[in-house]
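The sequence shown runs 202 to 757 under the numbering used here.
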Amino acid sequence: MRFFLICLVFQASCFLAQKQYQFPEYFNPAFDMKPEEIHKSLMKQDLKGSKLDIERYITTVVYGEQFKLDNNTVYLNWNEVEKYINNIAIAILPPNAMNKNLNFFIGRSHYSDANVSRFGNLIFNVGKIYNEENETFLAYDLAIEASHYLFKHMLRDDAEAIRLQADSFAIAVLKGKKLIHDSVIKVVLKKGDPEPKGKKYGDVINKTIYIVNTKYFLDSITFKKLKKIAGEERKKLAFEDCDFDHCLKYAFVDYLTEPKNLKNLYYIIESIRRTMYSKVELRKTGFLTENSGGLDLYYYNKSILYEPEYIFSNEEDFIKAKEHNFFMNKNKPFNTYEEGFRFFIDQALKNNFNEANYSLALDFYALNKTDSTQKYLNKYLKNGIGLYSEMAQSMVDKGHPYIEKGKTFVLYNNVEHLSEDLFNYYLSRKRKLTNSDFKNEIGKDSNSITVLLVNELLGVNPKKLNQTQKLMNSIFSLYNDDDKEMCKKITRNSHYAGEDKVLPDKFKKNFLIYAPEWYSWYKENNCNKLFFIDVRYHYFEFINEIEYYNFYTVIF
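What follows is the structure, given as structure tokens:
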């Protein structure tokens, strides 16, 4: 019974995390920038440069901006967070700045980045919100990005002058609101830089300006609440993007201060397991060092536990965790990914977390250890309802994930259109006009085939698009570059150019073993086969709709 309750608590916590932002069923027309009208208006203006260059630039900028909204790159109407960010902007920016069409969006990315477009759409990533130390740092970074729009920095290429002007503006804004004063501005030098003598901050080249002794000025409770939400959201985003390297780092850092948090344990265990399944060579590799640690750790095959500073994205997290036994004790609890996987499985089972039994069963399946697989599947089912009970039962009955009846689901990703190697959303939107004919041709036998063209969801159904994007992420992340090269084909002028290749046995992987959450999706969509086609269309020019060639990857 205890296992059952723990499982319900975990499912409830996942549900509450999802409640923070819900994707709408339908795209809000308020977010349609009318790119066709903007494009036509800009093309009529007297701009410098060749007609082709102007066309290329305007098409890229205008349609690229609409793509961010259509493609779920930002949260649409995440009211609580957007309102807070907007209130900070109102509190610090001059009134004339707020009257210049600045629009604030929260970026759906775990990376700590922000950017602003020439149209005034300022995107502040959820990962950046988490990494802000307090409101004043957040205000400083908002002011930096706002300055890029106000001073039209995107039309200039003098990077150092832009940096200094942006810093000057942000510092002046905060000083004007008495959030900082001259004595608390310092210049932090890069390693190896000489100490400048008798220079003011504006004279120092290639340095980073930091603000110290900052304070809360709006609402510290709301800031801390949103920072917590942002921390959970960035882990979820990294996991859904199948960026298991970053998800593992984030969850591991949080585990150090919350070792009994079941969600962190789930992210850690599944990130390690899926990494080992798709990249078998990493099983015996030092934990988290292939992308994060120094060269010594990598070459001597030591885990990140020996040099943990590499995995912390901000100083605050490092200060909280640096005294942990993992780092202070000479004897480490594990070294490789495989050892780390078993360690965290044990920790989860000590906390009666039943999902750990299923992760362990899937890992034994990957190692072709049938008896151990069945042992932990039965243990998982015996302990009560779990997240993957239905798939686990099919594995007990059939020896592998099994769905007896269903259609073939054809997932056709036709979003990526490239002109001169630049993404061209104008042509991607144009292709929607031929979607119905193409779809009818592929899915003639509707009794046995269901067809979904991805670009028909853009700017139409954010919720279904998000689910489809997660599915495609899972498919692509299962295969490494060598695998995908075996699946790639090319056509030139509508003729297949290349030789047929058959995936050798060593490349064959079981999608549902890798990502078991999609078993229920198969059942809900009445399918038992998935045929994924990912196409990149190439064109010579930006407005010319004559396709030159395309690459397509086919995975069944």
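Heads up, the beta-carbon is just placed ideally off N, CA and C, and yes, glycines get one too.
Near residue i, what residues of its chain come up, given a Cβ to Cβ distance below 8 Å and the 5 sequence neighbours on each side ignored?
i	result
Ala439	His311, Phe445, His447, Cys448 and Tyr451
Lys401	Caution is warranted here: a pLDDT of 36 is assigned to Lys401, below 50, making its placement in the model unreliable, and the coordinate value is therefore given only provisionally. Closer than 8 Å at the Cβ level, and outside the excluded window around Lys401, lies no residue.
Arg543	Phe535
His354	Ser348, Ile363, Gln366 and Ala367
Secondary structure at residue i, three-state DSSP: helix, strand or coil?
i	result
Gly487	strand
Lys241	helix
Tyr467	helix
Lys761	Any property of residue 761 remains undetermined from this structure, which presents the chain solely from 202 to 757.
Ser380	It is worth fixing the name first, because residue 380 is Leu in this sequence and not Ser. Correct three-state label for Leu380: coil.
Lys671	helix
Leu563	helix
Leu731	strand
His525	coil
Arg357	coil
Cys448	helix
Lys387	Note that Lys387 scores 49 on pLDDT, short of 50, meaning its location in the model is unreliable; the coordinates nonetheless yield the value given after this. Three-state result, Lys387: strand.
Gln223	coil
Asn530	coil
Asp342	helix
Lys436	helix
Gly545	The sequence shown places Phe at residue 545, not Gly. The answer is helix: DSSP assigns Phe545 an H, G or I state.
Pro460	coil
Phe554	coil
Asn492	coil
Gly328	helix
Ile505	helix
Ile586	coil
Lys710	coil
Ignore the nearest five residues each way along the sequence and tell me which others in residue i's own chain have a CB closer than 6 Å to its CB.
i	result
Glu333	Leu339
Leu270	Phe232
Pro717	Tyr589 and Met592
Ala431	Val327, Ile330 and Tyr331
Glu346	Ala315, Val317 and Leu323
Gly399	Note that Gly399 has pLDDT 39, beneath the 50 cutoff, so the model's placement of it is unreliable and the number below is only indicative. Taken in chain order, the list of residues that qualify is empty.
Val616	Ser629, Val655 and Asn656
Thr635	none
Using a threshold of 7 Å, state whether the C-beta atoms of residue i and residue j are closer than that.
i	j	result
Val454	Asp518	yes
His240	Ile255	no
Ser652	Lys640	Residue identity differs from the one stated: residue 652 is Val in this sequence, not Ser. Cβ distance < 7 Å, so Val652 and Lys640 count as in contact.
Gly541	Ile473	yes
Lys608	Ser649	yes
Asn322	Asn304	yes
Ala298	Leu253	no
Asp735	Asn579	no
Asn558	Tyr577	yes
Cys443	Asn674	yes
Leu498	Thr486	no
Ala371	Ala344	yes
Phe757	Arg737	no
Tyr566	Ile714	yes
Phe610	Asn726	yes
Ile512	Phe488	no
Pro236	Val275	no
Ala562	Thr574	yes
Leu380	Thr423	no
With DSSP as the reference, identify every bridge partner of residue i, one or two as the case may be.
i	result
Thr537	Gly487
Val755	Ile734
Beta-carbon within less than 7 Å of residue i's beta-carbon, same chain only, minus the 5 sequence neighbours each way: which residues are those?
i	result
Lys724	Ile604
Lys664	Phe224, Pro225 and Glu226
Asn273	Arg309, Pro663, Leu666, Asn667 and Gln670
Thr458	Lys521 and Ala522
Arg435	His311, Val327, Gly328, Tyr331 and Tyr451
Glu441	Lys671 and Asn674
Tyr538	Ile473, Thr476, Met477, Leu483, Arg484, Thr486 and Phe488
Ser514	Ser313 and Asn332
Segments of 4+ residues assigned as alpha helix (DSSP H) that fall wholly inside the segment 594-665: 626-632 and 636-643
Length at least 3, wholly inside the segment 259-326: the beta strand (DSSP E) runs in chain order: 304-308, 315-317 and 322-326
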